[in-house]
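Here's the structure we're looking at; comments come further down.
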Amino acid sequence: MGFGSFEAICGKTGLPLCSVVAPLADHGLSYFSKGIVAECYSRPVELANTMIFQIGNAFIHIGTLIILLIIIFNVRSKYTAIGRSEMLSFFYLYMALTISSLVVDCGVSPPGSESYPYFVSLQLGLVSAVCICLLYNGILCFELWEDGSMLSRLGLHSICIAWFVVNFILSLATFKSWGSLSNSDTTGVFVVTYILNAVILVAYVISQLSMVLFALKSYWNLGAIMLFSFFFIVGQLLVYVFNNEICNRLTHYVDGIFFGSMCNLFAIMMIYKYWDMITSEDLEFSVANMDGGVTQFTDLPEKTHSNLFS
């Protein structure tokens, strides 16, 4: 078990990528030619002759999609808030990530199928795109360039697509053992997907702490970003450290991935709350639009009445 190997991780947690990687050597972790089986994982449920995996996690993903729709509606309603378009892109990306996780976790594309490595690579690519999009939004709050402009959106989309493509191709080539890559040597995937994305998230938190402490000087904003960090770190610990204990104590009904997904949902809610607190809408612009709309509406019946009796 060297650096970059998923043997130790997959031995504790049944991640989707564990079904498409192989151990460097036979340590009794797998009975198959491909895939590493975790010691404890959530039991599948058979429904209408269909095997559904991670049923508890599926409800979390569905709830996440509903909450994301509410968040997106609220973000869209803040017409003049800083970084509105860029933040919408972040939540759209996270919605796509949630849908891909729902497909992979619940067995819509079952492990062992030809499409499964593609969906797992898609999931890892979307994870990376979400991370880099979050960092872009964090830097955007410093107003180094104009938000919502064509150049800003083009830069955001270009960075997200580029980082997504790098992770997707590297993951897929590793899982399929294309070229010199092998599914038993996952150092590249580990470095790019785990280490670099972790660095990106740390950079986001540091940038926001700097802005809150030196520019905004608001403890409420500081509390929101600290809660985001807390929920995210706790979620990672529940997935990668305490998964076996949770799974065994709950008799395989749910595992650490269930609670990790719940913590990720709370973390995303804190990101929205933090952005909502540090941005304000131009009320004068909103009231002006409302007055204009009311004036036009009240003028309409008078014109209609005069036309009828003229």
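If you read the sequence shown in the numbering used here, its first letter stands for residue 297, the second for the next number, and so on. Every residue gets a Cβ at the ideal spot worked out from N, C-alpha and C, and that includes glycine.
Cut-off 7 Å between Cβ atoms - residues of its own chain near residue i, not counting five sequence neighbours on either side
i	result
G475	A469
Y432	E382, L452 and I455
M507	C437 and F438
W516	M573
V487	G300
V535	T309, G552, I553 and G556
Boundaries (first-last residue) of the alpha helix (DSSP H) holding residue i
i	result
V501	N493 to M507
L436	Y412 to L436
V399	R380 to D401
A458	M446 to F471
D572	G552 to I574
K374	Here K374 belongs to no alpha helix (DSSP H), and DSSP marks it neither H nor E.
L512	No alpha helix (DSSP H) contains L512, which DSSP labels as neither H nor E.
C543	N539 to R545
I332	Looking at the DSSP string, I332 is not in any alpha helix (DSSP H), and its letter there is neither H nor E.
E303	E303 to K308
Residue i - partner residues in DSSP beta bridges
i	result
L343	T346
S478	D481
Among the options, the one whose alpha carbon lies nearest that of residue i
i	options	result
M558	G352, G310 and S338	G352
K308	A563, G434, N544 and M566	N544
A318	S473, I491, W516 and I529	S473
S424	L450, P413, E439 and V461	V461
I564	L393, F355 and L343	L393
L450	F528, M566 and S385	S385
Y390	F538, H357 and G531	H357
A520	M566, F555, L492 and L440	M566
M446	G379, A499 and A458	G379
V537	G300, C306 and F299	C306
Y388	V426, F355, P413 and S411	V426
F555	P413, Y568 and N540	N540
Test: residue i CB closer than 9 Å to a CB of chain D
i	result
V400	You won't find chain D in this structure, because it holds only one protein chain.
Neighbour-count burial assignment, residue i, 16 or more Cβ in a 10 Å radius
i	result
V400	buried
M347	exposed
L430	buried
V495	exposed
A377	buried
Y334	Before going further, note that residue 334 is Ala rather than Tyr in the sequence given. Per the 10 Å Cβ criterion, buried.
A511	exposed
S405	buried
T360	buried
G408	exposed
F369	exposed
N585	Note that N585 scores a pLDDT of 44, beneath 50, so its modelled location is shaky and nothing firm can be said.
A458	exposed
S373	exposed
F299	exposed
S326	In this predicted model, S326 has a pLDDT of only 46, less than 50, meaning its place in the structure is not dependable; the value taken from the coordinates is given anyway. When all chains shown are included, S326 counts as buried.
Residues near residue i by beta carbon distance below 6 Å, same chain, minus five either side
i	result
L418	S396
L420	N463, S467 and T489
F349	P340, C402 and G403
F302	V317 and T482
F562	F527
D578	Residue placement at D578 cannot be trusted, given a pLDDT of 49 that sits under 50; the coordinates are not used to answer.
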